[in-house]
Every structure is written in C-alpha cells, then in structure tokens.
Amino acid sequence: MTTTHPSCSSRPSRLTLFIRSAEGLGRWTARASRLLISIDRTRLALVATASVLLWSGLMATATQASTYSPADLLLYERLSEPDLSPDENWAAYVVGKKLEGKDAYESQVWLVDIQSREASAVTAVPGGASSPQFSPSGEWLAVLADVEQEGEEPTTQVCLLPLERPGALTCVSDAEDGVLDFAWAPDSQSLALVVEPDIDPPSNNIPEETDAPIVLDRLLFKHDNAGYLKNTKQQIVLLSLDTKVTTPLTSSNYDSVLPAFSPDGTRIAFVSKRGADPDRHENWDIYELDIENPSTVRKLTQNTGPDGDPSWWNRPIYSPSGERLLYLDGGDAKDIWYALQTVGEIERQSGRISNLSRQLDRNCTSPRFDTKGEAVFCLLEDDRSVQLAKLSVDQGQPERLTPPRRVVHDYRVGNAGILTLQSAINEPAQLYWQPRGQSSQQLTQHNAWVDERQPLIEGELIAKAKSGSRPNVHAVMLTPANSEGPMPTLLHLHGGPVAQHQYDFDIEQHIMASAGYRIVAPNPRGSSGRGFNYQYAIWAKWGGPDGEDIRLITDTLLREGLADPTHLGVYGWSYGGMLTNYAITRDQRYKAAVSGAGISNMLGGFGVDHYIVAWEQEVGMPWDNLEGWLKLSYPFLEAPAITTPTLFVVGEADFNVPAVGSEQMYQALRYLEIPTQLVIYPDQHHSFTVPSYEVDVLARHLDWFETYLGSDASQSLGQ
C-alpha cells in the first residue's frame, strides 16, 4: 500500500501503479485510476510523502541560496512521459507543476529540440494535457487534453498538434465519457482509443437535479480516486481520423486496455482480465485481435498470474517484423505484489513463450525492442538504483547502459541514440540523449534553481545483521552539509510494501534534511531491489521481519554515533505509516512519530479499502484465519505499549488505506493519554492534489518533530 504523487518514479503508478506517471492533477489521477480500476498493487509512487509536504513556517526563507527551503516545493517541476519523434529530432514530455494563483496542479506537454536543446511548452490547455505520442508519420503529436463543452463537465479527448506547421490543438475524439488511453496506427490514419461507456440506466424515481443512489453488486465495489465502481468495462474502439467514425473492437463483458498495433496495422495486441468474475483474480493476459474481424480474438499468454499487469503501464510491444511480442510477466498469481516483474517474449506463429530476465532475480520493466528487433532493453531495478539495461540473448548478465546510483524513470530507443528520463539524489529528473557510442547529453534544464542550492551530503548505511540467516539492511542517507557527530535523525519508511528508497531526487527529504535532520531511508525486508526472497520475506508477516530490520538500522545509527538518541524520530506514509505504527509499538526509543494514511486494526479495513483479492491471497478471510488478522494488528491491540508522541494524517476520501485506520489509532492513543493528534484533509484521496494541503502536511510534520525533538535540529546546523 503506497500513495502516488506528482513525482517521477521508476515505475508506473499502480493506482497508481508507479504505478506510472502521476502529475498530481485531480482529473488526470482519476482518469489513470479508472484505467487501472480492476487492480491495485500500489507501488508507483514508492514513497508516500515524498514531494508532497511543505513546512509553512519556513516559507519566508525561500530566498536563501545556501540550503533548500520548504517554499522550493512550489517551484518544483516534475517531468514524465517522454516520447521520441520518428526522425529523432524532437522529444516530447510532460511537465507537472503548481498553477500560479490557483490552489491546483496542472500538466502541460513540452517539446525539446535534441540538437539545440531548446525546450518550450506546446500546450496551454486549461485542466492540463498529458500522454504525448508522435504519429509514426512524424506529422502530428497527439495528446490527451481536458476539453470543455458549454454547459458540461470537461472530458478528456485526444487532440493533435501539427509539428511542421505549429498551430492550435485540434481535438479528434468525442467520447461521451472521455478517453483513457490511445495508440497510433502505423499508417497514422487511425487511433485505438480506450473508453469506458456509462451503461447504467437512469433512475426513474430520482429527479435529474438530485444525485442518484449508488447501487453496488460487484465484489470490487470501490477504488481510490474513482470512488464507488459501476459495472462499466473499459473498451477499445478504432477511430478513423478521416471519417471520425469509431468502431468497437472489444467485448463489453471485460476490461480491455493498453492497445498496441502490429507493424502492418492489421492486428492489435491488448491486455484483458477475463473469466466468470474478473473481480476475484488478477489473471491479466495478452490477447490479439484482427482489426478486420475483431471478434477473432487470440489469447497469447497462459500464466495464471498477471501478464501485462496494467498497473505497470507497460503495453505489449511488437518487434519490427511483427512476429514477436514483449510483455511484462507478473509471475505466480499467489505471490500478488511480492512477485517479480520480468520480461516475457511471445513468438506469434508457434505461440512459444520464453522469459528473458527471470534469471536476474530483479524487477525488469518497460521492455522494448531496438529499431531492428535485434536487441531487447528494459529498466532493471537493483539495490537502490534503476538502470537501463540491454538483455543478453543467452540469458546471461545484461549490459547496463546507465551509471549506478541513479534512477532511470523511462526511455525510448531510436536508430541514432537512446532517450532517457533519469535522476540522482541531488539531481531532479531531466531528459538525456545518448548518441550511439557516445556519452549522455542532458537535454532539459527544468528546476534550474536546484543548482543554486547547497547539495546535501549523499550517503549510505549498511546495517549488518548479527545472525547469518538474516540479510544486512541497506539505507540511503541525506545529511546537511557541515554536520558532524550524532545529530537529530529521522527514519523515513517507504510505502509499498514492495518498493524501495532509491538514489532519486526526493524534494521532501531535501527539505527535511535542510531543517537540520539526518534523513535515513532504509529498505528493510519486504523492499524491492534485492530479489524475490528479500521482498517475499514479509508475506503475511507485516511488522515482523521488516520491523526487526528497522530496529537493526536504529541500533546501527546509535552504535556508530550517527544519531542523537534524544532526538530520534520516524515517519512514513501508507505502508510506511503502518510500519511506523509497528516500529513505535515495539521500540520506545523514538521520541516523535508521524503516521500517514496507515492502518493497524486490519479487521477495520475489511470491506472499507480496495484490497479484497490481496487480503484473500495473503491472509485469508477473517472467518477462516482470525488469528492471522489479529497477528498483523498488534499496534492497535498492543497500543498501551506505545509511548511515542504520534501525529496521524490522512485524506478524508482515501479508499486505498481509509481514514478509519488513522482514526482508530488516534482514538487508542488519545484514550491512553499519549500525546497525539489527528488531521484529516477534506476530499483528498491517498495522494493529495491540493497544494495548500500539501503545504499544511509538511508544516505539521516539521512542527511535530520540532515540538517533541526540541530545537537541537537547527542548532546542529549552527543556526
């Protein structure tokens, strides 16, 4: 369980899943959630509060050039969704940022000239634009944009921008309920659209001006951002750009998403979840249909687990010849989000399937062929890094094409070079162009103000386990410059649970560290990046092995003289909030804690969150395994053991980890007279989309730590 947020991630949003590019736009986030509505493996947004928080008490310090200030968050631009033009002269991408004068975020599409490196916004759409895709002909750039019709709510449509003769956007779709996704046909004469028609009949008993009652009969009846779920299904339709006629291609009985055209334009591969009741499983598969005879559908994968899991936003990819397809193999169904994502390859004629990366024991996502179909690339996740890799034809070790201690978020492969979106701890994400046989060249210059800030000291911590049966625990650290000896320290626990802290630019951690704290971001067991066994170690044992690892990290910090034991805090969001609750129940050394969007009474989440399939797989139903549910609930059931002053924060409309989880823990601590406070943000989901609320969240984080850790944080900086 983790939250998505307007920040770059190495994976797609699984909601948010990445889980995979979130701009922080209300309508955009809802649109992405609708596309992924039948699944939830919320890991995209790996770290919950990263980039969402701001300390209002320090906003006046924005002009200080030496260190980061909280007001810098309002300057921060987030890049995502890069695409490369067919002639490889242009790169399109999305920039998300706060709107001036409005309490909202917005994304717009930008273009950068690869030769001159000149970049500019090419859309200025009220409500935002995203998902840029160049037409194969190179004539058009298509985007998803919010379109307002007089007297009606805006809908998201596909709009075209001419590249040779710049002009206004021309919207070519007119889907009544909007477009969720699209793909170009090879001849650039048509588009495959993903739509979700509303099929519910109006209620005859309710006046038009009154909201109709919500009638539910699905097993999966709610989802964060999307709310309560109707019986609608996402479908693929073919839009002719000449006639503007749309032709349905898929069955209305099942969700069909992530379309991809074959190179000859006669077939479409897509992802669908079928069966008697698709809400009861995650068995997504790759299918292929014939465009001339769309009722002829061929199932290409047979794995009982998720193939092409839409939460990772990885379409099937045809080879240039059209005879092979790459897809994301999601492993065994029973392993749910603990399974590794690996690269599968289908030979169309024989139906033979091979796996190109399972032997690496790492997540390997976003697979792509080179332009000749001779090589396969992927984003290879490793310990705290994500690198672009070229897979070996003999399934040996891959060739790593980008440096370690960095994170590659996305990429495109061309004839002359490779386009990447990558970041490092002290470097916000930028686009890079790497010509064949040459070093990378930075294309974009967003967030130039970061160059004026004093970089924080990047470090790592390896906590060595005493027992040979336990692995060491690795952490990323950020420390203010000119800091020595034991100092106020905050442990930042990531969400997921299967996620990791990385060598990525995390603006919230920079702000917290600049306030005088050493930020330690550990990857306990359950984290990704170190293989299947490491991330599977907490299966049905939340707060067990990972709780031990957090205590080991704490022991190491104190033993090595890095942390001041009288000024030690812990915080996290989503599963990070849950792990915070586990930590303070078993360890009284933390003098302050902030638990964001967590839950500790697991029975209280049943039927309230959107995890029914995952609960069944990992713990079983409460009436079948009550002991298992109670075992995971020990922070709530053992609340009298907690002595740490704890702030609880949550969104009112969170259907991912609903507010009841924070409310119950707050109620327990308040009853026990432990210093505590509960803050609920109106109409906010698991990820917040209102800038002023994000400002308030970080203000409360730092105020809470200042109150209970004292003023030594500022003194550690010589202030």
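As numbered in this note's numbering, residues 431 to 1149 make up the sequence shown, in order.
All C-beta atoms in this analysis are idealised placements derived from N, C-alpha and C, irrespective of residue type, glycine included.
The structure displayed is predicted, hence computed values, not measured ones.
Within 8 Å, strictly: CB atoms of residue i and residue j
| i | j | result |
| --- | --- | --- |
| arginine 754 | glutamate 718 | no |
| asparagine 1086 | histidine 1131 | no |
| lysine 729 | asparagine 713 | no |
| glutamate 548 | valine 555 | no |
| tryptophan 863 | serine 869 | no |
| proline 1075 | isoleucine 1029 | no |
| valine 624 | valine 602 | no |
| arginine 835 | serine 815 | yes |
| leucine 992 | proline 916 | yes |
| serine 682 | lysine 660 | no |
| arginine 925 | tryptophan 1003 | Note on identity: in this sequence residue 925 is glycine, with arginine being the wrong assignment. A contact, by the Cβ cut-off of 8 Å. |
| leucine 920 | glycine 999 | yes |
| glycine 738 | leucine 770 | no |
| valine 843 | leucine 891 | no |
| valine 524 | glutamate 511 | yes |
| asparagine 1031 | glutamine 1094 | yes |
| glutamate 882 | leucine 908 | no |
| isoleucine 747 | arginine 798 | yes |
| isoleucine 721 | valine 701 | no |
| leucine 923 | leucine 1009 | yes |
Per-residue DSSP class, three states only, for residue i
| i | result |
| --- | --- |
| lysine 674 | coil |
| proline 995 | strand |
| methionine 942 | helix |
| glutamate 890 | strand |
| tyrosine 506 | coil |
| arginine 989 | helix |
| arginine 745 | coil |
| glycine 1091 | helix |
| leucine 1139 | helix |
| proline 858 | strand |
| isoleucine 544 | coil |
| lysine 802 | coil |
| isoleucine 629 | coil |
| lysine 660 | coil |
| lysine 820 | strand |
| phenylalanine 962 | helix |
| aspartate 936 | coil |
| lysine 703 | strand |
| asparagine 785 | strand |
| proline 865 | strand |
| leucine 730 | coil |
| tryptophan 972 | coil |
Residues near residue i by beta carbon distance below 7 Å, same chain, minus five either side
| i | result |
| --- | --- |
| proline 516 | Phe564, Pro566, Gly568 |
| isoleucine 968 | Pro927, Arg955, Gly956, Gly974, Pro975, Asp976 |
| glutamine 1047 | Lys764, Ile766 |
| leucine 646 | Tyr658 |
| valine 837 | Ser440, Ser815, Val816, Gln852, Ser853, Gln932, Tyr933, Asp934 |
| aspartate 1113 | Glu1082, Ala1083 |
| glycine 1058 | Ala970, Val1049, Gly1050 |
Cross-strand partners of residue i (DSSP beta bridge)
| i | result |
| --- | --- |
| threonine 1106 | Thr1076 |
| proline 952 | Ala905 |
| histidine 653 | Gly657 |
| serine 537 | Gly526 |
| serine 796 | Answer is none; serine 796 lacks a bridge partner. |
| leucine 599 | Leucine 599 pairs with nothing; no bridge assigned. |
| glutamine 563 | Ala572 |
| methionine 917 | Ala993 |
| leucine 719 | Ile698, Val727 |
| tryptophan 520 | Asp543 |
| leucine 923 | Gly1002 |
Cβ shell of residue i (< 8 Å), same chain only, five flanking positions each side left out
| i | result |
| --- | --- |
| threonine 553 | Gln538, Val539, Ala559, Val573, Ala575, Leu591, Leu599 |
| aspartate 628 | Glu606, Asp607, Lys660, Thr662 |
| tyrosine 1138 | Gly999, Lys1021, Ala1022, Pro1075, Pro1105 |
Residues near residue i in its chain [Cβ-Cβ closer than 6 Å; skip 5 each side]
| i | result |
| --- | --- |
| threonine 801 | Asn845 |
| threonine 676 | Val667, Leu669 |
Chain D contact for residue i (CB, 8 Å cutoff)
| i | result |
| --- | --- |
| threonine 1106 | Within the model displayed, chain D is absent; a lone protein chain is all it includes. |
Exercise for review: For the segment 786-798 and the segment 820-837, state whether three or more C-beta atom pairs, one from each stretch, are separated by less than 8 Å.
Suggested key: Yes: at least three Cβ pairs fall under 8 Å.
Item to complete: Say whether the segment 837-856 touches the segment 890-905, bearing in mind that this needs 3 or more beta-carbon pairs closer than 8 Å, one atom from each stretch.
Response: As far as the Cβ criterion goes, the segment 837-856 does not touch the segment 890-905, which means the pair count is below three.
Item checked: the segment 1036-1054 contacting the segment 982-990, beta-carbon criterion three pairs below 8 Å -> In the pairwise beta carbon analysis, the segment 1036-1054 is classified as not touching the segment 982-990: fewer than three pairs are separated by under 8 Å.
Quick check: the segment 937-949 against the segment 498-510, are at least 3 beta-carbon pairs closer than 8 Å? By the Cβ rule, the segment 498-510 counts as touching the segment 937-949, because three or more pairs are nearer than 8 Å.
For this session: Specify whether the segment 630-649 and the segment 1053-1071 touch according to this definition: at least 3 beta carbon pairs, one from each stretch, less than 8 Å apart.
Result: At 8 Å Cβ cutoff, the stretches do not touch.
Report yes or no: do three or more beta-carbon pairs, one from the segment 613-624 and one from the segment 672-690, lie closer than 8 Å?
Taking 8 Å as the limit for Cβ pairs, the verdict is that the segment 672-690 does touch the segment 613-624.
**Prompt:** Is the segment 1112-1124 close to the segment 528-535, with three or more CB pairs under 8 Å?
**Reply:** Judged by pairs of C-beta atoms under 8 Å, the segment 1112-1124 touches the segment 528-535, as three or more such pairs exist.
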